[in-house]
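S.K.:
Protein chains in written order, with this note's numbering: chain A, 79 to 313; chain B, 2 to 236.
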């Protein structure tokens, strides 16, 4: 079970699924940008200036709160950030930060909305992705309530590995703790447990996934459910 | 309190439509009287109808390891079936009647045609969907960080708003199911609220005795949800 990446490395799957003429038109309005880890793309409640279609980078959608921050969705080459624009509101639902450095296709908000008006296929793809992301958020609500940190960490690593097409990422325990909405010692002991079983290796801010199959077994059902939610609509 | 509430039961979204658009939509609708626990949508199955609650309200639940978890409530302030706006026919959740009463329902296909035709309807449905997704992100926070007593208080306030009443039917077993906790946890939390004179609970009926004090006990999510809604519909 894995998300299917688009054929070319520097592509976004939603854009790749557009008919050639519409894809070309959209790409002409896009600019390729590279961002570093933790760069903030949009803040919750603020007007969105762009929509982002990741190609090699990955974006974490985070809900800030007085009790702590927590990740509600992860977005890579399979998706986009800019649902507020799809819904005609223009404000960012949540805070979007770069979770894996890389490249993103960025399109000005107005240009994207004009394309949405024009292209039924883009509307359909964007709407379907909004649905998938809503399912991902509903899964996160249940997952964060019921599942153990170790299961959730395994899920998060798998989701990240899919989206970065890589088995190695830079990641501190502090950031992981924030994504999972737990204290740092909780993440440290979960990571140690996965490491002791040779599923991952963690050293100096780099995590390597060593045994993907075993990591899937260690993850909660939410990993699979989230892939299925996507594949159900996008194949 | 929640929102504007006229004397005649109405739905806020329908009331906000321009007269001609509302008349067309209402002409497609049929009244439905719904009883407690009726299922109005099932997860993974096509929507038969879009529902605009008048006096009824629905609980949207996702399955979880121990039963299920509520991820949203929808009453007269909203509608059920936003995936139809996104071009997806399938219900992402189970939707169960939590407050018996009346709703207007429109066959899914007719509703989609009307969405195509009426830009005010698209705009309102888009805004409401944005609100729902923002609230869903807040629910991820709530389920992770807030204790049962806070969440119970929040839920009672949300239900009272949608029931337009401080007195409504609910069982501890159902509360445990939607809050994703054991029944004993709900019983203890309800007892604590009852000991302080905030609520009274007897034979399946909940009476809110001190709404203001209950608001003070509830997690900030109650207030944040209201603000999200107001903000979402501000011109």
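All C-beta atoms, glycine included, are put in the ideal place defined by N, C-alpha and C.
Please read these numbers as outputs of a predicted model, since none were measured by experiment.
Please compile the residues from chain A whose C-beta is within a distance smaller than 8 Å of the C-beta of residue 89(B).
M.R.: Position 88 of the second chain, counting from 1, holds the residue named residue 89(B). In chain order: 205, 206, 209, 311.
S.K.: Is the beta carbon of residue 94(A) less than 7 Å from the beta carbon of residue 185(A)?
M.R.: Locating residue 94(A) in the first chain gives position 16, where the first residue counts as 1. Locating residue 185(A) in the first chain gives position 107, where the first residue counts as 1. Against a cut-off of 7 Å, the Cβ pair of residue 185(A) and residue 94(A) comes out as no contact.
S.K.: Per the DSSP calculation, residue 138(A) is bridged to which residue(s)?
M.R.: On the first chain, position 60 is the one that residue 138(A) refers to. DSSP, once it has assigned bridges, lists 152(A), 175(A) as partnering residue 138(A).
S.K.: In three-state DSSP terms, what is residue 144(B)?
M.R.: The residue you call residue 144(B) lines up with position 143 of the second chain. DSSP places residue 144(B) in helix when its eight states are reduced to three.
S.K.: Interface residues of chain A around residue 70(B) at Cβ under 7 Å?
M.R.: Here residue 70(B) refers to the residue found at position 69 of the second chain. Under the 7 Å cutoff, chain A gives 219, 220, 223.
S.K.: Is residue 81(A) close to chain B, meaning its C-beta is less than 7 Å from at least one C-beta of that chain?
M.R.: On the first chain, residue 81(A) is found 3 positions in, with the first residue counted as 1. Output row for residue 81(A): interface = no.
S.K.: What do you get for residue 181(B), buried or exposed, if any count of 16 or more other CB atoms within 10 angstroms of its CB means buried?
M.R.: Here residue 181(B) refers to the residue found at position 180 when the second chain is read from its first residue. Residue 181(B) is buried by the Cβ-count criterion.
S.K.: Terminal residues of the continuous beta strand (DSSP E) containing residue 183(A)?
M.R.: Within the first chain, residue 183(A) is the residue found at index 105, counting from 1. First-last of the beta strand (DSSP E) with residue 183(A): 180-186.
S.K.: Whose C-beta lies closer than 6 Å to the C-beta of residue 88(B) among residues of the same chain, with five residues either side of it excluded?
M.R.: If you number the second chain from 1, residue 88(B) lands on position 87. So the list is empty, once near-sequence residues are dropped.
S.K.: Quick one: residues in its chain with C-beta nearer than 7 Å to the C-beta of residue 219(B), no 5 flanking neighbours on either side, listed in chain order?
M.R.: One-based indexing of the second chain puts residue 219(B) at position 218. Closer than 7 Å at the Cβ level, and outside the excluded window around residue 219(B), lie 151, 154, 155, 158.
S.K.: Tell me, which residues are paired with residue 81(B) by DSSP?
M.R.: Indexing the second chain from 1 puts residue 81(B) at position 80. DSSP output for residue 81(B) lists 52(B) as bridge partner(s).
S.K.: Just curious, the alpha helix (DSSP H) that residue 222(A) is in, first and last residue?
M.R.: Stepping through the first chain from its first residue, residue 222(A) is reached at position 144. Its alpha helix (DSSP H) spans residues 198-224.
S.K.: Could you check what DSSP says for residue 226(B) in three-state terms: helix, strand or coil?
M.R.: As a first step, residue 226(B) must be located in the second chain, where it is residue number 225. Correct three-state label for residue 226(B): helix.
S.K.: Quick check for students: name the residue ranges of the beta strand (DSSP E) that lie wholly in the segment 81-127 of chain B, counting only runs of 3 or more.
M.R.: Counting whole runs of 3 or more residues, the segment 81-127 of chain B contains the beta strand (DSSP E) stretches 95-100, 102-108.
S.K.: What residues in its chain sit with their C-beta under 8 Å from that of residue 255(A), if we drop five residues either side in the sequence?
M.R.: As a working mapping, residue 255(A) is identified with position 177 in the first chain. So the list reads 261, 262, 264, 265, once near-sequence residues are dropped.
S.K.: With a 10 Å radius around its C-beta and 16 neighbouring C-beta atoms as the bar for buried, classify residue 252(A) as buried or exposed.
M.R.: Along the first chain, one-based indexing puts residue 252(A) at 174. With fewer than 16 Cβ atoms within 10 Å of its Cβ, residue 252(A) is classed as exposed.
S.K.: Have a look at residue 66(B) and residue 224(A) and give me their C-alpha separation to the nearest angstrom.
M.R.: Against the second chain, residue 66(B) aligns to sequence position 65. Against the first chain, residue 224(A) aligns to sequence position 146. Going from the Cα of residue 66(B) to the Cα of residue 224(A) covers about 7 Å.
S.K.: Tell me which residues of the segment 109-129 of chain B have at least one Cβ-Cβ distance to chain A shorter than 8 Å, keeping chain order.
M.R.: So the close ones are 123, 124, 127, 128.
S.K.: Using a Cβ cut-off of 7 Å (strictly closer), state whether residue 216(A) contacts chain B.
M.R.: For the purposes of this step, residue 216(A) is taken as the residue at position 138 of the first chain. Yes, its Cβ sits closer than 7 Å to a Cβ of chain B.
S.K.: Give me, in chain order, the residues of the same chain whose beta-carbon lies closer than 6 Å to that of residue 230(B); leave out the 5 immediate sequence neighbours on both sides.
M.R.: For this step, residue 230(B) is matched to residue 229 along the second chain. Taken in chain order, the residues that qualify are 132.
S.K.: Ordered along the chain, which non-local residues of its own chain (more than five positions away) have a Cβ less than 6 Å from that of residue 269(A)?
M.R.: Reading the first chain from its first residue, position 191 is the one you call residue 269(A). The answer, listed in chain order, is 280.
S.K.: To the nearest angstrom, report how far apart residue 274(A) and residue 111(B) are at their CA atoms.
M.R.: Along the first chain, read from residue 1 onward, the residue named residue 274(A) stands at position 196. Along the second chain, read from residue 1 onward, the residue named residue 111(B) stands at position 110. Rounded to the nearest angstrom, the two C-alpha atoms are 57 Å apart.
S.K.: Can you tell me the Cα-Cα spacing of residue 14(B) and residue 121(B), whole angstroms?
M.R.: Looking up residue 14(B) in the second chain gives position 13. Looking up residue 121(B) in the second chain gives position 120. Roughly 10 Å separates the two Cα atoms.
S.K.: Determine, using beta carbons only, whether residue 165(A) comes closer than 7 Å to chain B.
M.R.: Working through the first chain from its first residue, we reach residue 165(A) at position 87. Residue 165(A) counts as touching chain B.
S.K.: Between the segment 129-153 of chain A and chain B, which residues of the former have a C-beta closer than 7 Å to a C-beta of the latter?
M.R.: Within the segment 129-153 of chain A, the residues whose Cβ lies closer than 7 Å to some Cβ of chain B are 141, 143, 144, 145, 146, 148, 150, listed in chain order.
S.K.: Please classify residue 226(A) as buried or exposed, where buried requires at least 16 other C-beta atoms within 10 Å of its C-beta.
M.R.: The residue given as residue 226(A) occupies position 148 in the first chain. Exposed, since its Cβ has fewer than 16 Cβ neighbours within 10 Å.
S.K.: Report the partner residues of residue 201(B) according to the DSSP bridge assignment.
M.R.: Position 200 of the second chain, counted from the first residue, corresponds to residue 201(B). Residue 201(B) pairs with 208(B).
S.K.: Have a look at 238(A), 203(A), 156(A), 177(A) and flag the residue whose alpha-carbon is nearest the alpha-carbon of residue 140(A).
M.R.: As a position in the first chain, residue 140(A) is number 62, starting the count at 1. The shortest C-alpha separation from residue 140(A) is found at 177(A).
S.K.: Give every residue of the same chain whose Cβ lies closer than 7 Å to the Cβ of residue 189(B), excluding the five residues on either side of it in the sequence, and list them in chain order.
M.R.: Numbered from its first residue, the second chain carries residue 189(B) at position 188. Once the five neighbours on either side are set aside, residue 189(B) has no close Cβ partner at all.
S.K.: Chain B beta carbons: is any one of them nearer than 7 Å to that of residue 314(A)?
M.R.: An answer regarding residue 314(A) cannot be provided, because it is not within the stretch 79 to 313 covered by chain A.
S.K.: Quick one: which chain A residues come within Cβ less than 7 Å of residue 140(B)?
M.R.: Position 139 of the second chain holds residue 140(B). 219, listed in chain order.
S.K.: If the cut-off is 8 Å on Cβ atoms, which residues from the segment 249-281 of chain A count as contacting chain B, listed in chain order?
M.R.: Those would be 259, in chain order.
S.K.: Beta-carbon separation of residue 168(A) and residue 160(A) under 7 Å?
M.R.: Here residue 168(A) refers to the residue found at position 90 of the first chain. Here residue 160(A) refers to the residue found at position 82 of the first chain. Cβ distance not < 7 Å, so residue 168(A) and residue 160(A) don't count as in contact.
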